[in-house]
Amino acid sequence: MDIQENKSTLNVVPRNNDKIKKIWKTALILLAITAAEFVMAFTMPRGIILYVLFMALTIWKAKYIIMQFMHLGDEVKPLIYSILVPIAFLFWLIIVLIKEGSDIFNMRWF
């Protein structure tokens with residue numbers, strides 16, 4: 000019997016400085032947004048403005064992560080909308096269910 004050896008070759012690709020710069024840029028943008036959230040959490044008084052800012056920055060970070068790490072920034076617009084529109088409807092559904100649930104609770108007990 001012949002024993003075949005598994006021969007594999009390793010091709011070394013040179014560094015792509017553009018990709019490395021893009022990764023660092025993404026990391027610094029996310030770090031800046033997170034630092035801003037951290038500073039706001041300890042300096043601003045609790046209230047609707049703080050909560051709206053937190054939600055906006057969180058959505059912005061999620062969008063940026065989706066665009067960069069899931070590579071949707073380079074895709075066509077209909078594909079992006081086919082992902083983002085159902086997510087928007089899901090958020091709307093959650094908000095409406097919470098609102099309706101609290102209204103039913105208030106009607107029943109008060």
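Note that this note's numbering has the sequence shown beginning at 0, numbered continuously upward.
Just so you know, even glycine gets a beta-carbon here, dropped at the ideal spot from N, CA and C.
Less than 8 Å separates the beta-carbon of Ile28 from that of Tyr63. One thing to note: Leu71 has its Cβ no nearer than 8 Å to the Cβ of Ile58.
The beta-carbon distance between Met39 and Leu49, rounded to whole angstroms, is 6 Å. This is short enough to meet the 8 Å contact definition.
In the three-state DSSP reduction, Gly46 falls in the coil class, being neither helix nor strand. A direct Cα-to-Cα measurement between Ile82 and Leu52 gives close to 24 Å.
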